[in-house]
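Numbers 1 to 496, taken from full-length UniProt numbering, label the letters of the sequence shown in order.
Just so it is clear, CB atoms sit at the ideal spot from N, CA and C, and this is done for glycine as well.
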Amino acid sequence: MGHSSSKSAESVCPTDIRHASSETEESRADKSDKLHVGHKSQMKRICRILQSKLQELSRSGGSRAELQECEDFARQMEALLDLQTSRGRGVSKEHALPQEVKEWLVNQWTEGSFRLGEELSPIRGTATLRATQSVPFNDELKDLLNLVGTPDVDVVAVQKQPEVAGNVITVLFVYTLSYGGVFDQLPVECLSDSSTGEIFQDRLVKFVSAIEGAYQDMPYHNNMHAADVAMMMHSFCLTSNMSWISPLDHLLSLITAVIHDVGHDGVNNMFHVKAQSPVALRYNDRSVLENMHCALAFELMKENEETNWLSLMNTSFAMDPKEKPTDLRQYLRRAAIEMVLATDPTKHNALMDDLKALIQAKSIQAEGGLSDAKQKQDAFNVLLHAADVSNATRKLPIALYWSRQVLLEFWAQGDHERSLGLEVSPLCDRASGMASVPQGQIGFIGFIVRPLYQQLGLLLPEILQAVEQLKKTEAYWQQKKEDNANFLESFAILDQ
Ligand SMILES: [Zn+2]
């Protein structure tokens, strides 16, 4: 990943975990706090859980004990936030929260919502993650990484950072696992007896790195798109109505986003079917690319034992001895296949129906979240699809960047079709496309993105912010339509 080996205290991100060899008095105090400044997203998540608990209680008129519990929790959160602020002013470690309070915060309020038993010990950081944590990030990269967990992460800017060395998926994946609290919450019982957290993390990172290497250098369907979708998935997983998500499902969501377009060759399913390409023949014209992405991901994993993290999963996992054990290898593989296959654009309407059924069932807001396996799978399918088409819901420069890239890829396909004597696919004609960029964008937003995000907002209220942003993107394109803007005029702000 092109990491520098510099280990001076100043060169290491001050808001994250210090490397053991560069420990100072302050860094030791920091490390003793489970929740420190680097766990901002974790704290935000806890705040959201608290908010939803309080809302629930105010609706149901909860018991005195429950209210007391919330009050105590709020006090602890306040103390923790005070501590964060005071540490910056050089307050000594005596002011740190007692260990048991920290453990209570993490175990009770995060594991509780993840439905993990208290007796389970989480897998701790390992060599691989520590190595990444010791990367001497520059200030710009630190600022960019601070946005992980929000829809404002700019993966293109992250990719450009010298420390990232073009490995945007791997860097963001490891960062999210380390600081998003995903890995810290994963119970060791998820792994088979013969495995350790260290080997698991090592293989997982090597797998993600191999996947990153298998993305082709396409205008749109490249490693940055996969990283972008993974970051959107992560932000969805952090919404209040998703607080029931288990760390394993959170990890699954990230991995699936990472693999969902691997090996994409820059042309769509329609092209493959028309051209009777080898991959169309192999998959009988059905969800050709999506089948290929998924198969390729598992082939890469099986090719090299050092990337085979799935073989380390427990085949007889049960949270509760009374429960029927689950084969996690089967569970994860099946769920990942379902999700990737559901990213076939032709599944959009079916996913909209699933989304409406989820909204009607109201079970996502219920105590414990989605427990029905089909509903849960439907929800993850919908979320990955939404993350995949999220471009227009993002801040304008990010939205415009991706719009331009997807058009460049479409038009390259059109050129290729013409050169092969094939009929040019819809939206793929360069000449007519260049003259009608705003209309195309307005159509895509109006028919696909807006209906999807409006419905999704009924399931996850935080998504309504994306709907607001979408209105701005739509207004931008309406203006460009009125101005009769061509391709260059439409994207001029990207070159400023
Ligand atoms: Zn995609």
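Residue burial classification, residue i (beta-carbon count within 10 angstroms, cutoff 16)
i	result
residue 103	In this prediction, residue 103 scores a pLDDT of 37, lower than 50, which makes its location untrustworthy; no coordinate-derived value is stated.
residue 99	Here residue 99 scores only 37 on pLDDT, less than 50, and its place in the model should not be relied on; the value that follows carries that caveat. With fewer than 16 other Cβ atoms within 10 Å, it is exposed.
residue 261	buried
residue 86	The pLDDT assigned to residue 86 is 35, lower than 50, so where the model puts this residue is not dependable, and the model offers no usable value.
residue 334	exposed
residue 367	exposed
residue 381	buried
residue 360	exposed
residue 447	exposed
residue 253	buried
residue 356	exposed
residue 239	buried
residue 203	buried
residue 378	buried
residue 478	exposed
residue 394	buried
residue 165	exposed
residue 435	exposed
residue 318	exposed
residue 185	buried
residue 405	buried
residue 346	exposed
residue 459	buried
residue 376	buried
residue 217	exposed
residue 492	exposed
residue 490	buried
residue 353	exposed
residue 201	buried
residue 151	buried
residue 499	One cannot answer for residue 499 here, as it falls past the ends of the chain, which runs 1 to 496.
residue 420	exposed
residue 383	buried
Any non-hydrogen atom of ligand 1 within 6 Å of residue i CB
i	result
residue 228	no
residue 388	yes
residue 217	no
residue 327	no
residue 265	no
residue 154	no
residue 261	yes
Supposed close pair residue i, residue j - CB separation, criterion 8 Å
i	j	result
residue 140	residue 161	7 Å
residue 325	residue 316	4 Å
residue 413	residue 268	7 Å
residue 314	residue 191	6 Å
residue 442	residue 481	6 Å
residue 308	residue 301	5 Å
residue 234	residue 148	7 Å
residue 437	residue 487	5 Å
residue 297	residue 259	4 Å
residue 197	residue 188	6 Å
residue 182	residue 247	5 Å
residue 266	residue 293	No, residue 266 and residue 293 are not in contact; Cβ-Cβ is about 13 Å, not under 8 Å.
Distance cut-off 6 Å: residue i Cβ against heavy atoms of ligand 2
i	result
residue 360	Questions concerning ligand 2 fall outside what the structure shown contains, since the ligands it does hold are ligand 1.
Where in the stretch 319 to 382 do unbroken runs of the alpha helix (DSSP H), each at least 4 residues long, occur, reported from the N-terminal end onward? 328 to 341 and 348 to 361
Quick one: which unbroken alpha helix (DSSP H) runs of 4-plus residues sit fully inside the stretch 263 to 314? Chain order, please. Runs found: 269 to 275, 278 to 282 and 288 to 303.
Secondary structure, beta strand (DSSP E): runs of 3+ residues fully inside the stretch 402 to 471: Here no run is fully enclosed.
Extract the residue ranges of the alpha helix (DSSP H) inside the stretch 172 to 243, only unbroken runs of 4 or more that lie entirely within it. Entirely contained in the stretch 172 to 243, the alpha helix (DSSP H) runs reaching 4 residues are, in chain order, 182 to 185, 197 to 214 and 223 to 237.
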